[in-house]
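Have a look at the structure below before the remarks.
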Amino acid sequence: MSISSFLTKKFLKSLFFPAHNRGKALPKKLIKLLKNTPGLWDLPELPEIGSPLSNSGLIAKSRRELSEKFKAKGCFYGVNGASGLIQSAVITMANPGDSILMPRNVHISVIKICASQNISPIFFDLEISSETGHYKPITKKWLEHVFEKINIKKEKVVGIILVNPTYQGYAIDQKPLIDLCHQKNLPVLVDEAHGSYFLFCENLDLPKSSLLSNADLVVHSLHKSLNGLTQTAVLWYKGNLINEHNLIKSINLLQTTSPSSLLLSSCEESIKDWLNKKSLSKYQKRILEAKGIYKKLIQKNIPLIETQDPLKIVLNTSKFGIDGFTADKFFYKNGLIAELPEMMTLTFCLGFADQKDFLYLFEKLWNKLLLNSKKLKSLEVLPSPFKLVQAPEIEIGIAWRSKTRSIPFSQSLNKISGDIICPYPPGIPVIVPGEKIDIDRFNWINNQSLCNKDLVNFNIRVI
Ligand SMILES: Cc1ncc(COP(=O)(O)O)c(C=O)c1O
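In C-alpha cells form, the structure reads like this:
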C-alpha cells in the first residue's frame, strides 16, 4: 500500500493530533481553499504574499494584526512545527557556551538545538505523581527552591524555559513564575504547544495563556491545540528582554527557503477562525461538551485523571493493573485511536470536532477491556532519580560530537551517554548526551521502559 492510499483510511474514532479531527474542524476558509483545483494554492513567495520574515505582503499584514490584537510586540508563523520555533527561540536567548534553565519534561527539540549549539541545559526536577507517573506543574515555591540551588552568573544562565500545559493537560498559572524570573532579569520562553486555545477562552475557567502573563516568548503548536494543519505553529514575543534582531536572525537560520503557502495560510486561518464570533462560540460549546464528557465518565466510575485541559481525556489504566500500551493496542484494534500511551495511562485528544458518540463507545470498550484482562494490582512508578538542579557531566555539544559505541542499555551502568533516549510521544528525553547513567537513573529508565516496546531491550550509544 502506498502512503497516499493509507491517508484516506477511515477509523471508527480518531482521538489524536492534529486536533482538527481529520478535517472535521478545519477553519471554514481553509476548507474552501482546499476545495479548489488540487495544488492551485501551492505558490512561491510572490511579492503580494511575502515571506514569513518580510515586512510587506499579506503574511506581514496578518502577523501585525494578530500581534496588535494580543498586545504582543510581534509574532512569526512557523511551518516546521512548534519544534522549529522553539529551537529558534532557544538560540535567540543563548549563545554557544551559555546555559538555559529548563524543567525535566522539556521537549526533545530543545535538547537537539542545545546539542548542536553547545548550549548547556541545566535541568530542574519536577514532582512526579505516583498515581500516574506524570510530571506535575511547578509552583512558585518550587521554582524559588530551584533558584536557591543555582548561581545564575557563575553558570552563565541567560534564560529559562517553562512547559505549560503538559502533554496530558496539567497547567498552572504561569504569572508568578514569570514574574520571579523577570526579577532575576531572565527572559522566559513558555512552550505552550498544547495550550494555544487558552488564548481565546478567558471566560471558560481555563488556564490563562502565558502570552497574557508577560512571557517573553511563547510558542503555540497550531495543529496540536488549535485547528491548523500539521506542522503549523506560531511564536509570539513581548517585553524588552528579547533582542528582536537576534530573533529574526534565529528564525531565518532554521527556516526553509520554500515555506508552504498552504501551511502559512493555515497558520493565519486557524488563529483568525477563533476570532470569528460564530466559530468561537462553536468551539467554546465543544469545550463545554468535553467537560460534560469527563463528568459523565467520572460518574460511571471510569478512572480518569483530572487535568486542566478539558480536551484531554486521561485514562488511568494502571488502577486496574493494565499498562497504557496494552490498553492502546486494544482500543486501536477496536477502531478507537488514542494519542498518548504511557506506562500507567492512555490519553485521548478530543480535538475540536463534535465528539458526542465518544462517550458510549469509550465506555463500552473500556468495560470490554476490563472483562478481558486479568485483575492485577496497580502498577507502581519509581521516585524521580534526578537532583533538584542538575547539568550533564560532560558538555552536551561535546558529548554529542564524541565518538560513541552502541551497547545494550543493560550494559550501560555508570557510562556517559552520547545519545538522546526519548520515547515519542510525549517527546520528553529520559537521558541526554553527556549525562551519566548512574544506578538510580539506570533503574528508573528500566522501570519506565517496562511496557514500552520501543524501549524494551534497546541499545544506547555511550562515550
Ligand atoms: C510540550 C511540547 N512542546 C513542543 C512540541 C513540538 O510540537 P510540534 O509537533 O508542533 O513540533 C511537542 C510535541 O509533541 C510537545 O509535546
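What the sequence shown shows, in my numbering, is residues 1258 to 1720, in sequence order. Idealized CB from N, CA, C, for every residue including glycine. Please read all numbers here as calculations on a predicted model, not as lab measurements.
| query | If we count the other Cβ atoms within 10 Å of its Cβ and call it buried at 16 or more, is K1292 buried or exposed? | reply | For the purposes of this step, residue 1292 is identified with residue 35 of the sequence shown, where counting begins at 1. K1292 comes out exposed.
| field | Contact test: H1364 Cβ vs ligand 1 heavy atom, cutoff 6 Å | value | Residue mapping note: residue 1364 aligns to position 107 of the sequence shown, counting from 1. Within the cutoff, so yes.
| query | Is the beta carbon of V1447 less than 7 Å from the beta carbon of S1356? | reply | Within the sequence shown, numbered from 1, the residue matching residue 1447 stands at position 190. Within the sequence shown, numbered from 1, the residue matching residue 1356 stands at position 99. Here V1447 is not near S1356, since their CB atoms are 7 Å or more apart.
| With DSSP run on the structure shown, which of helix, strand or coil describes W1493? | Numbered from its first residue, the sequence shown carries residue 1493 at position 236. In the structure shown, W1493 sits in a strand (DSSP, three-state: E or B).
| request: Taking 8 Å as the threshold, find out whether the region 1477-1494 comes into contact with the region 1264-1284 through three or more Cβ pairs. | output: Cβ pair count under 8 Å is three or more, so yes.
| query | Which stretch, first to last residue, makes up the alpha helix (DSSP H) that contains Y1589? | reply | In the sequence shown, the residue the question calls residue 1589 occupies position 332. Per DSSP, Y1589 belongs to the alpha helix (DSSP H) from 1581-1590.
| task | Leaving out five residues on either side along the sequence, give the residues of the same chain with a beta carbon under 7 Å from the beta carbon of V1719. | result | If you number the sequence shown from 1, residue 1719 lands on position 462. For V1719, where only same-chain residues beyond five positions count, the Cβ hits under 7 Å are T1661, R1662, I1664, S1669, K1672, I1673, S1674, G1675.
| task | Using the Cα positions of I1379 and G1691, report the straight-line distance between them to the nearest angstrom. | result | On the sequence shown, residue 1379 is found 122 positions in, with the first residue counted as 1. On the sequence shown, residue 1691 is found 434 positions in, with the first residue counted as 1. Approximately 12 Å between the Cα atoms of the pair.
| query | Between which two residues does the alpha helix (DSSP H) carrying Y1540 extend? | reply | Within the sequence shown, residue 1540 is the residue found at index 283, counting from 1. Looking at the DSSP string, the run of the alpha helix (DSSP H) that includes Y1540 is 1534-1556.
| message | By DSSP's criteria, L1419 is part of a beta bridge. Which residues make up the other side? | response | If you number the sequence shown from 1, residue 1419 lands on position 162. Note: L1419 sits in a beta bridge opposite V1447.
| task | Give me the Cα-Cα distance between A1656 and I1694, rounded to the nearest whole angstrom. | result | Taking the first residue of the sequence shown as 1, we reach residue 1656 at position 399. Taking the first residue of the sequence shown as 1, we reach residue 1694 at position 437. Taking the CA atoms as reference points, A1656 sits about 14 Å from I1694.
| request: May I ask you to check if the CB of A1339 is nearer than 6 Å to at least one heavy atom of ligand 1? | output: Along the sequence shown, read from residue 1 onward, the residue named residue 1339 stands at position 82. Correct: A1339 has its Cβ closer than 6 Å to ligand 1.
| task | For L1287, count neighbouring C-beta atoms within 10 Å of its own C-beta (all shown protein chains included) and say buried if the count is 16 or more, exposed if not. | result | For the purposes of this step, residue 1287 is taken as the residue at position 30 of the sequence shown. L1287 comes out buried.
| said: Along the chain, where does the beta strand (DSSP E) containing C1332 start, and where does it finish? | reply: For the purposes of this step, residue 1332 is taken as residue 75 along the sequence shown, with counting starting at 1. It spans 1331-1335 - the beta strand (DSSP E) in which C1332 sits, taken as one unbroken run.
| said: I'd like to know whether the C-beta atoms of D1462 and G1496 end up nearer to each other than 7 Å. | reply: Reading the sequence shown from its first residue, position 205 is the one you call residue 1462. Reading the sequence shown from its first residue, position 239 is the one you call residue 1496. At the C-beta level, D1462 and G1496 stay beyond 7 Å of one another.
| task | Output the boundary residues of the beta strand (DSSP E) element that contains I1720. | result | On the sequence shown, residue 1720 is found 463 positions in, with the first residue counted as 1. Per DSSP, I1720 belongs to no beta strand (DSSP E) and is neither H nor E.
| field | Beta-carbon separation (whole angstroms), A1595 vs L1603, contact threshold 8 Å | value | Translated into positions along the sequence shown, residue 1595 becomes position 338. Translated into positions along the sequence shown, residue 1603 becomes position 346. Confirmed, about 5 Å.
| query | Mind checking D1711: buried by the 16 CB within 10 Å criterion, or exposed? | reply | Within the sequence shown, the letter at position 454 stands for residue 1711. In summary, D1711 is exposed, with fewer than 16 beta-carbon neighbours lying within 10 Å of its beta-carbon over all protein chains present.
| Who are Q1478's beta bridge partners in DSSP? | Walking along the sequence shown from the start, residue 1478 turns up at place 221. According to the sequence displayed, residue 1478 carries Ser and not Gln. Paired residues: A1490.
| request: Would you mind sorting D1436 into buried or exposed? The rule is 16 or more other CB atoms within 10 Å of its CB. | output: Position 179 of the sequence shown holds residue 1436. Under this definition D1436 is an exposed residue.
| Do you know how far the Cα of L1628 is from the Cα of S1659? | Position 402 of the sequence shown, counted from the first residue, corresponds to residue 1659. Position 371 of the sequence shown, counted from the first residue, corresponds to residue 1628. Using only the alpha carbons, I get a separation of about 51 Å.
| Beta-carbon proximity of L1639 to L1593, cut-off 7 Å | Looking up residue 1639 in the sequence shown gives position 382. Looking up residue 1593 in the sequence shown gives position 336. Contact annotation: L1639 and L1593 have beta-carbon atoms that are not nearer than 7 Å.
| query | Below 7 Å between beta carbons: does that hold for A1490 and S1478? | reply | Walking along the sequence shown from the start, residue 1490 turns up at place 233. Walking along the sequence shown from the start, residue 1478 turns up at place 221. In this structure, A1490 sits near S1478, with a CB-CB distance shorter than 7 Å.
| As assigned by DSSP and simplified to three states, the class of Y1427 | Residue mapping note: residue 1427 aligns to position 170 of the sequence shown, counting from 1. Residue state for Y1427 is assigned as coil, using DSSP reduced to three classes.
| query | Hey, is the region 1641-1654 in contact with the region 1695-1704, meaning 3+ C-beta pairs nearer than 8 Å? | reply | Because the criterion of three Cβ pairs below 8 Å is met, the region 1641-1654 and the region 1695-1704 touch.
| said: What does the Cβ neighbour count give for N1352, buried or exposed, with the cut at 16 atoms within 10 Å? | reply: Start at 1 with the first residue of the sequence shown, and residue 1352 comes out as number 95. Answer is exposed; the Cβ neighbour count stays below 16.
| request: Could you check how far apart the C-beta atoms of P1360 and L1323 are, in whole angstroms? I think they sit under 8 Å. | output: On the sequence shown, residue 1360 is found 103 positions in, with the first residue counted as 1. On the sequence shown, residue 1323 is found 66 positions in, with the first residue counted as 1. Cβ-Cβ separation between P1360 and L1323: approximately 28 Å, too far for a contact (criterion under 8 Å).
| message | Within 7 Å of any Cβ in chain E, is that where the Cβ of D1695 sits? | response | In the structure shown, chain E does not exist; there is a single protein chain.
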